[in-house]
Each structure stands twice: as structure tokens, then as C-alpha cells.
Amino acid sequence: MSEEKITEIAENANMIIDGYAFTRKEDGISILNLKNPDHAMFISEEGKMLETNMDEIEQVIVQNIWAKDREYMETENA
């Protein structure tokens with residue numbers, strides 16, 4: 016992934032925590048590891064993992080971040 020694409024994703028993210036960009040999509044939340052952009056996850060609003068290529072440890076880290084900080088996710092009404 017190009018540096019420009021990573022920058023674009025970061026700029027359009029609703030929330031960035033610990034190097035992970037969380038972006039609200041129509042049908043869930045897209046999560047990208049900005050330090051290693053080959054690692055991504057897609058979860059439901061409730062935090063259920065729908066798709067990923069992250070290893071198990073990184074999955075737990077990202078799901079814990081979501082569970083702890085999801086209230087800070089920007090919305091259109093914020």
C-alpha cells in the first residue's frame with residue numbers, strides 16, 4: 016500500500032488509537048494497522064470480527080481497543 020493511501024486512510028479515519036485507524040463504514044468498522052498496513056480487520060458495530068488477516072494476538076489487541084474506546088468514535092452528529 017502506498018504512503019499516500021495510508022495517509023488518506025489516516026486522514027479519513029473516525030478514530031486513531033495506538034497506530035490503528037478505525038473508520039466507520041456502512042456495514043461495520045474498518046480497522047487498519049497504520050504501522051503495518053497489510054494487517055486489517057473488519058468488525059460489526061458491536062465488535063464482532065467479520066473478516067481479518069491479523070494474527071490472534073493482534074486481533075485481541077484491536078478488539079480490546081474497540082471495546083474500551085468505541086464511545087470516542089466520531090459520528091456524523093458529533
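For the sequence shown, the numbering used here begins at 16 and goes up steadily by one.
Don't be surprised by glycine CBs; every beta carbon is placed ideally from N, CA and C.
Could you compute how far the alpha carbon of residue i sits from the alpha carbon of residue j?
{"i": "residue 79", "j": "residue 16", "result": "26 Å"}
{"i": "residue 32", "j": "residue 81", "result": "9 Å"}
{"i": "residue 70", "j": "residue 29", "result": "24 Å"}
{"i": "residue 40", "j": "residue 27", "result": "11 Å"}
{"i": "residue 18", "j": "residue 53", "result": "12 Å"}
{"i": "residue 64", "j": "residue 23", "result": "24 Å"}
Excluding the 5 residues flanking residue i on each side, which residues of the same chain have their C-beta closer than 6 Å to its C-beta?
{"i": "residue 46", "result": "35, 37, 56, 77"}
{"i": "residue 50", "result": "34"}
DSSP puts residue i in a beta bridge; with which residues?
{"i": "residue 58", "result": "44, 64"}
{"i": "residue 38", "result": "45"}
First and last residue of the alpha helix (DSSP H) that includes residue i?
{"i": "residue 82", "result": "71-84"}
Near residue i, which residues of its chain fall below 7 Å by C-beta distance, leaving aside the five closest residues on each side in sequence?
{"i": "residue 87", "result": "30"}
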